[in-house]
Every structure is written in C-alpha cells, then in structure tokens.
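Residue numbers (this note's numbering): 13 to 475.
Backbone N, C-alpha and C fix where the C-beta goes; we use that ideal spot for every residue, glycine too.
Since this is a predicted model, take the numbers as computed values, not measurements.
Heads up, the thing below is written out as structure tokens.
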Amino acid sequence: MDGEVRISPYLSGNFAPVRTEDDFELEVVGEIPAGLRGALYRNGPNPQYEPRDPNYHWFTGDGMIHGFFVRDGKVSYRNRWVRTPKWELEHAAGQSLFGTFGNPMTTDPDAFGKDSGAANTNIVWHGGKLLALEEAHAPFSLDPDSLEPRGYADFGGKVTAHPKTDPITGELVFFGYADSQMPLSPMVSYGVADKDGRLLRRETFEAPYSSMVHDFIVTENHVLFPILPLTGSLERAMGGKPPFAWEPEKPALVGLMRRDENTTKIRWFNTDACYVFHVMNAWEEDGKIVADVMKYKAAPLFPLADGRRGEQCGAYLVRWTFDLSNASNAIQEEQLDDMPGEFPRYDERFTFQKNRHGWFAGQTTTPGDIRTNTLAHIDLQTGKRTDWFTGPGDAVSEPVFTHRSADAPEGDGWITAVVYRAAENRSELAVFDAQDLVAGPIATARVPRRVPFGFHGNWVDGR
Ligand SMILES: [Fe+2]
Numbered sequence: 013m014d015g016e017v018r019i020s021p022y023l024s025g026n027f028a029p030v031r032t033e034d035d036f037e038l039e040v041v042g043e044i045p046a047g048l049r050g051a052l053y054r055n056g057p058n059p060q061y062e063p064r065d066p067n068y069h070w071f072t073g074d075g076m077i078h079g080f081f082v083r084d085g086k087v088s089y090r091n092r093w094v095r096t097p098k099w100e101l102e103h104a105a106g107q108s109l110f111g112t113f114g115n116p117m118t119t120d121p122d123a124f125g126k127d128s129g130a131a132n133t134n135i136v137w138h139g140g141k142l143l144a145l146e147e148a149h150a151p152f153s154l155d156p157d158s159l160e161p162r163g164y165a166d167f168g169g170k171v172t173a174h175p176k177t178d179p180i181t182g183e184l185v186f187f188g189y190a191d192s193q194m195p196l197s198p199m200v201s202y203g204v205a206d207k208d209g210r211l212l213r214r215e216t217f218e219a220p221y222s223s224m225v226h227d228f229i230v231t232e233n234h235v236l237f238p239i240l241p242l243t244g245s246l247e248r249a250m251g252g253k254p255p256f257a258w259e260p261e262k263p264a265l266v267g268l269m270r271r272d273e274n275t276t277k278i279r280w281f282n283t284d285a286c287y288v289f290h291v292m293n294a295w296e297e298d299g300k301i302v303a304d305v306m307k308y309k310a311a312p313l314f315p316l317a318d319g320r321r322g323e324q325c326g327a328y329l330v331r332w333t334f335d336l337s338n339a340s341n342a343i344q345e346e347q348l349d350d351m352p353g354e355f356p357r358y359d360e361r362f363t364f365q366k367n368r369h370g371w372f373a374g375q376t377t378t379p380g381d382i383r384t385n386t387l388a389h390i391d392l393q394t395g396k397r398t399d400w401f402t403g404p405g406d407a408v409s410e411p412v413f414t415h416r417s418a419d420a421p422e423g424d425g426w427i428t429a430v431v432y433r434a435a436e437n438r439s440e441l442a443v444f445d446a447q448d449l450v451a452g453p454i455a456t457a458r459v460p461r462r463v464p465f466g467f468h469g470n471w472v473d474g475r
C-alpha cells in the first residue's frame, strides 16, 4: 500500500499502521533499574486493511498491543493485533468492511449488524485478566504473555476505555455511552464489577443529549459523568454529515451521582463550552469534589456539525471543583499549568486522595497537535513544572508511572514511555526517574522499527 495516495492524516507518518507482528529482543542503552520488573502494555489503532471510509478516523482502527517485557535489566518486545470479531471477519474477507464509528453510509452491507469492536484504546489489568478496551464495546481479554485472544469479558455491555479501580474495594467502576440498540443515542450506562471481574450492578439513564463521553470522574462516594458538546447524531450521519461533531451552543454539563444512589438522582453541574478527554485524579475534600482534568476550549480531532474543520487547540490542566453544599451548579475552575498537553497520569496508589505528583505528555510547538513531544512532571503542591523535550520532530507517548516499591513515598519510582525518533523512523522504550525527567532517560530499549502512535498504556508488575 505504500506509495498510494492516502486521504486520512491518520494513515501517514507514524500514525500509519505496521502490518507485521514481531518478537524482538531490544538493544538496551543505559541501565534498566534493578527494581523495574514487569510489562508496559500499550494499545493503539492499527487498521488491518486500508479503511474503506475516506473520512477514516484514528479512533476506529483495529487495536494493536505493543508489549515491552522488562526482566533482569533486559527488554523484549511483542506486538499483536487484538483479534476481535471485527478483525476476524475482515481477515476472512481480506479487506475492511466497517465504516467509521459504525456509520451505515460507509459500511459494507455484509457487516451490517455485526460487531465492530476494535479494542484499540486502553489496556488494563483487572480480576486476573488483561483487558483491551475501547469505549463502544465490551472489554476484550488477552493472554498477558502471548497476547493471544481470550474473547470478550462480560460486564453486561459496553465499557468505557477509562474505568477506574476503587483502591478501597478493588471494584472496577465504569460507564458506557450511546448504550442502546440505536447508534449514537443519549443513553449512558453506569456499572460496577467486583475485584474479580464479576458484574455487581449496571443501569442506564438518558443524558440530556448524545455526547462522546471518553472519561469520567470517580471518588470514594461519588461518580460524575461529563456530557460535553461533542455530540453524536444518527440523523446527521445518515445525511452524510459527521456522526460526531463539535456543537458549542449545546450546554456543557457534568452529572454528579452518589455511588450509593441510582441514576435517577443525578445533579447536573455546568460550565462553559469545553471538552475533556482525560481526567488525572479526583478526590473529596471538605464537602467538595475536586478533579484535575485536561480541558480543551473546543473539541479537537472532530469537525463542526456541517462538516467544516473546527478550531484546533491544545488542552490545559485545570482543577474543577464541585461544591456540594452550594446551591449553585456552576463548576469552579482553576488553571494549573500553561503547557498544552494530554494523557495526564499520577501515582495510582493515591487514587481518591489529593495527590501531589502528576505527569502528562506536552506539546510545546503546535498546540492542538496530538503528536506530543515533551514529558512533563507537575508538583501540584508548589505548581512547579519540570519537563523533558524529545528533540525536534520526535514524539513521546503517555507517561506511565510505576512505584519503586509498595511502600515508597508518593511519586517515588519511574516513568516509562515510548519515544518516536523521526530521523531514524524507529521507536524506543524510555525509562525515567519519575521526579527527574529533566535528566532524560536513564535507559532506553530500541525497537528496530517504529511503533505507531497510540493511545494508552499501563504497567503490570511482575509480568
Ligand atoms: Fe483516552
């Protein structure tokens, strides 16, 4: 397919898929810390075949897992497609069959009504299973070593790519949007599975309108559902317009529910038009809910309702406060940093607690460009940010924190991320001291080819 004129920007450069599944022992430069033992799993879209939709969107390519296995100072790499029913169906057909976001206008009639799950967004460990997640379908289970398929996990239906693990109960708390037989509906589900992955509850409510809901906020006693004006519309899609579009004239809402209540009791807070893909951490403090989020003033990566390109801007780390004792439903907001970025992470031992340390991938040259080129650490107590720049033209993935030991202080450990070296068209795993990013990687492990840009990764100890 190389040399063919490609229409979608998500099929060129390091967005383009790799079409081989490989096992490599990586060349290590520097010294992998002795205490770092486990696997960094990353997930991202990697279409098996050329998409049939000229408006192919990055969010819809087949998931591919890139596993970096770190043992005894050595690093091995394995990548495999997530063999979902969609992947198998298209593999048998020898071509792509599904339209972007299930758009019937660009779907082959042979695929109507078939499962279009791509399992391409996140990869988490829960209940003894490695789960590839994508927000419009159920989690797909993989063998943690071979990455071979183990089939869907049953959580009663769709599960967000950003479930939260309750550190007190071990429960997996999740939601699913557009959760009905009708595509792009305003129905949202809320669910909880126990620490072993057994579904405990699941219920569905109608949101004020159909919105793409990528992430949500969970604290010890509350759950909050952002309904922000990146809207879905089947009617619009059937008219040849975008299935999802930025409609800032619609209200920006966040629905708050007590976790011991049900979805008939949601209080709707509001703010100015904005979009949030990702939440860093959230906690409860003096009758308030506090959440640090990466906020855009306009949703990137999506057009306006008439199909025109919308404003492209970066996201900034802001602190949202929901005052439960105040009659006002306005969300209070404070900007925490001035570097545009994405993929906020923290030391997840401090989930539901006020955390001091946060990390994100920054973009220092072109706000709104999703090819992030900087790793940033922010001290939320002092507001001081320190960072490491990849170098011109290079890019870096989401930073994933791993603690040095179970009882190490907050933020004491390592950051792992995948760096793309543009001049050599290859990628490498980079390991940093989590609180000294400025010093650069303490070790890198070189992949002999590139690893396409992806979304999320997580570290699993001891794999
Ligand atoms: Fe995400």
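Start-to-end residues for the alpha helix (DSSP H) that takes in residue i
i	result
residue 246	246-250
residue 99	97-105
Start-to-end residues for the beta strand (DSSP E) that takes in residue i
i	result
residue 215	211-218
residue 300	300-308
residue 449	No beta strand (DSSP E) contains residue 449, which DSSP labels as neither H nor E.
residue 293	287-297
residue 473	469-473
residue 41	39-42
residue 60	First-last for residue 60: undefined, no H or E at that position.
residue 551	No information on residue 551 is available, as it lies outside the stretch 13 to 475 that the chain covers here.
residue 331	328-335
residue 264	264-270
residue 142	141-145
residue 399	397-401
residue 222	Looking at the DSSP string, residue 222 is not in any beta strand (DSSP E), and its letter there is neither H nor E.
residue 153	152-154
residue 89	86-93
residue 237	234-239
residue 73	Where residue 73 is concerned, there is no enclosing beta strand (DSSP E), given that its DSSP letter is neither H nor E.
residue 353	353-358
residue 164	161-164
residue 445	438-445
residue 422	Neither: residue 422 is in no beta strand (DSSP E) and is coded neither H nor E.
residue 434	No beta strand (DSSP E) contains residue 434, which DSSP labels as neither H nor E.
residue 365	Run containing residue 365: none; DSSP gives neither H nor E here.
Cutoff 8 Å; reference residue i; Cβ partners in own chain excluding five residues on either side
i	result
residue 465	26, 27, 56, 382, 383, 407, 409 and 432
residue 422	359, 361, 362, 367, 368 and 369
residue 350	328
residue 234	268, 269, 270, 271, 296 and 301
residue 456	40, 41, 42, 431, 440, 441, 442 and 443
residue 353	306, 326, 327, 328, 329, 372, 373, 374, 375, 384, 386 and 388
Close beta carbons around residue i, own chain, < 6 Å, minus the five adjacent residues each side
i	result
residue 484	Nothing about residue 484 can be reported from this structure: the residues present for the chain run from 13 to 475 only.
residue 472	50, 51 and 137
residue 463	78, 430 and 439
residue 156	142 and 475
Close beta carbons around residue i, own chain, < 7 Å, minus the five adjacent residues each side
i	result
residue 238	225, 228, 266 and 288
residue 197	190 and 222
residue 159	77, 79, 90 and 92
residue 110	98, 119, 123 and 128
Should the region 82-89 be regarded as contacting the region 98-112, the criterion being three or more beta carbon pairs within less than 8 Å? Short answer: they don't touch.
Below 8 Å, how does it come out for the region 147-155 and the region 125-134: are there three or more Cβ pairs, yes or no? Because the criterion of three Cβ pairs below 8 Å is met, the region 147-155 and the region 125-134 touch.
Are at least three pairs of beta-carbons, each pair with one atom in the region 206-213 and one in the region 228-247, less than 8 Å apart? By the Cβ test, the region 206-213 is not in contact with the region 228-247, since fewer than three Cβ pairs between them sit closer than 8 Å.
Are the region 390-405 and the region 413-421 touching by the rule of at least three beta carbon pairs closer than 8 Å? The region 390-405 makes no contact with the region 413-421, as fewer than three CB pairs between them are under 8 Å.
Check whether the region 112-120 touches the region 442-452, taking contact to mean three or more Cβ pairs, one atom from each stretch, closer than 8 Å. Short answer: they don't touch.
Could you tell me whether the region 247-261 touches the region 314-329, where touching means 3 or more Cβ pairs closer than 8 Å? Counting C-beta pairs closer than 8 Å gives three or more between the region 247-261 and the region 314-329, which meets the contact rule.
Go through the residues and name those whose CB comes closer than 7 Å to any heavy atom of ligand 1, in chain order. Working through the chain, the matches are 133, 134, 173, 174, 226, 227, 289, 290, 467 and 468.
Would you check if there are 3 or more beta carbon pairs closer than 8 Å linking the region 36-48 to the region 153-164? A contact is defined here as three or more CB-CB pairs under 8 Å, and the region 36-48 fails this definition with respect to the region 153-164.
Whether or not the region 272-292 and the region 301-312 are in contact is what I'm after, with contact meaning three or more pairs of Cβ atoms, one per stretch, closer than 8 Å; do they touch? The region 301-312 and the region 272-292 touch, with no fewer than 3 CB-CB distances between them shorter than 8 Å.
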